[in-house]
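For the sequence shown, my numbering gives the first residue as 1215, with consecutive numbering after it. Every residue gets a Cβ at the ideal spot worked out from N, C-alpha and C, and that includes glycine.
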Amino acid sequence: MPANGNILHALSFDIEDWFHIVEVKAVENPDEWPRLSAESSLVERYTDLILKVCADANVRATFFVLGWIAERHPDLVRRIASAGHEIGTHSFWHRRVYSLSPDVFAKDIADSIAAIRAAAPSADIRGFRAPSFSITRGAEWAFDVLLDQGLRYDASLFPAARGHGGYACTPGPHVITAPSGRTIPELPMSIARFGPARLCYCGGGYMRLLPSSLIHYGLRQESAAGRPTVVYLHPRDFAPDCPRVKMPPHRYFKCYFNCGGTEAKLRRLLGQARFGTCREVLGV
């Protein structure tokens, strides 16, 4: 299957620490996060690795930064900005959007933007990605909150079933109409067809699990359809030394499998196609 070499694909990273995992009792209490961070923080070390990979490939990416991280690691946010990357928000507290009220979500977004701007005043924060892709059916009010907060696009929809998200939508970049009638550009995650199955192939546990041949197959399939692939990864995806905590076996496998192989897979992928920021892909 030939690839469309003119397609610009989106490279993105959700900047959070190893313990920012939803619905895992061992790490769910934010009061414990400072202690967990002091004992074993991975976010600076592996975000710096990500920055090196991007520099080596001469690629700019979008870094969706958690406000909690920006507040505690402002120098890291400045390093991302000074390297010329786009900075978006990943919320402040890493809570599932559909579990919040509109007012609570609005404060969370406002606090995250304030924390990022305090660290990097020149950051032009236009985009949002929900923790765990948690804008789901019934939570479309979130799009109005994003617009009210001055954001220009969303990258939160996951057009396949998953544990904490899932939202059937048009594949590829498109426009969402919020309940108010206003519109917002959407950059959903990429799903490809592998035989009878439709699977994500380009981020997080999916990218760590699948061999490079299937990742490149998915990218070629979407390119042939004229759609960009959206790559999303976290610092902990690169961390074979990530601390382990108790969780259900299927989630344990997905969280920790093959973290040592992510860097090589990403470097190969960046050599196969053109990548840029989410903002560049959407043209916003």
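Roughly how many angstroms lie between the CA atoms of residue i and residue j, to the nearest whole one?
i, j, result
"residue 1490", "residue 1466", "31 Å"
"residue 1422", "residue 1429", "10 Å"
"residue 1347", "residue 1253", "28 Å"
"residue 1216", "residue 1403", "Confidence at residue 1216 is low in this model, with a pLDDT of 44, below 50, so the placement of that residue should be treated as unreliable; the coordinate-derived value is given next. The alpha-carbon atoms of residue 1216 and residue 1403 are separated by roughly 21 Å."
"residue 1246", "residue 1307", "13 Å"
"residue 1407", "residue 1440", "15 Å"
"residue 1249", "residue 1257", "14 Å"
"residue 1383", "residue 1485", "30 Å"
"residue 1366", "residue 1355", "15 Å"
"residue 1494", "residue 1472", "30 Å"
"residue 1405", "residue 1225", "15 Å"
"residue 1389", "residue 1442", "15 Å"
"residue 1327", "residue 1333", "10 Å"
"residue 1567", "residue 1364", "The first residue shown for the chain is 1215 and the last is 1498, placing residue 1567 beyond what the model contains."
"residue 1409", "residue 1329", "45 Å"
"residue 1309", "residue 1434", "34 Å"
"residue 1506", "residue 1380", "The question about residue 1506 has no answer, for the chain in this structure spans 1215 to 1498."
"residue 1420", "residue 1352", "26 Å"
"residue 1396", "residue 1368", "13 Å"
"residue 1341", "residue 1373", "18 Å"
"residue 1488", "residue 1451", "22 Å"
"residue 1288", "residue 1335", "11 Å"
"residue 1229", "residue 1385", "25 Å"
"residue 1314", "residue 1242", "16 Å"
"residue 1460", "residue 1244", "17 Å"
"residue 1457", "residue 1417", "20 Å"
Along the beta strand (DSSP E) that carries residue i, what are the first and last residues, could you check?
i, result
"residue 1464", "Counting along the chain, residue 1464 falls outside any beta strand (DSSP E), though it belongs to the alpha helix (DSSP H) covering 1463-1470."
"residue 1411", "1411-1414"
"residue 1389", "1388-1391"
Would you list the one or two residues that DSSP bridges to residue i?
i, result
"residue 1487", "Partner(s): none; residue 1487 has no beta bridge."
"residue 1278", "1228, 1302"
"residue 1448", "Looking at the DSSP assignment, residue 1448 forms no beta bridge with any residue, so it has no partner."
"residue 1223", "1489"
"residue 1417", "1446"
"residue 1367", "1341"
Shortest alpha-carbon distance to residue i belongs to which of the options?
i, options, result
"residue 1255", "1286, 1270, 1361, 1273", "1286"
"residue 1399", "1260, 1273, 1360, 1459", "1360"
"residue 1294", "1337, 1410, 1316", "1337"
"residue 1453", "1342, 1324, 1274, 1264", "1264"
"residue 1276", "1363, 1343, 1455", "1343"
"residue 1238", "1462, 1498, 1496", "1462"
"residue 1469", "1371, 1349, 1231, 1370", "1231"
"residue 1482", "1244, 1436, 1426", "1426"
"residue 1267", "1498, 1299, 1292", "1299"
"residue 1436", "1412, 1375, 1311", "1412"
"residue 1273", "1492, 1315, 1497, 1331", "1492"
"residue 1321", "1244, 1221, 1362, 1291", "1362"
"residue 1261", "1357, 1297, 1235", "1297"
"residue 1498", "1331, 1290, 1358, 1339", "1339"
"residue 1205", "1394, 1375, 1438", "Residue numbering for the chain in the displayed model covers 1215 to 1498; residue 1205 lies beyond these limits and cannot be assessed."
"residue 1323", "1291, 1290, 1358", "1358"
If I follow the unbroken alpha helix (DSSP H) through residue i, where does it start and stop?
i, result
"residue 1257", "1257-1271"
"residue 1302", "First-last for residue 1302: 1300-1303, but that is the beta strand (DSSP E), not the alpha helix (DSSP H)."
"residue 1360", "1355-1362"
"residue 1400", "Segment 1397-1400 is the beta strand (DSSP E) holding residue 1400; no alpha helix (DSSP H) there."
"residue 1406", "That residue, residue 1406, is in no alpha helix (DSSP H); its beta strand (DSSP E) goes 1405-1408."
"residue 1381", "Residue 1381 -> no alpha helix (DSSP H), and no H or E assigned at all."
"residue 1254", "1247-1254"
"residue 1494", "1492-1496"
"residue 1318", "1316-1333"
"residue 1432", "1426-1438"
"residue 1290", "1288-1296"
For residue i, would you say it is in contact with chain C, using Cβ-to-Cβ distances shorter than 8 Å as the test?
i, result
"residue 1469", "Here there is only one protein chain, and chain C is not present."
* Asked: Do the segment 1473-1482 and the segment 1440-1459 make contact, defined as three or more Cβ pairs closer than 8 Å?
  -> Yes, the segment 1473-1482 is in contact with the segment 1440-1459.
* To do: Taking 8 Å as the threshold, find out whether the segment 1275-1284 comes into contact with the segment 1297-1306 through three or more Cβ pairs.
  => Under the three-pair Cβ rule at 8 Å, the segment 1275-1284 counts as touching the segment 1297-1306.
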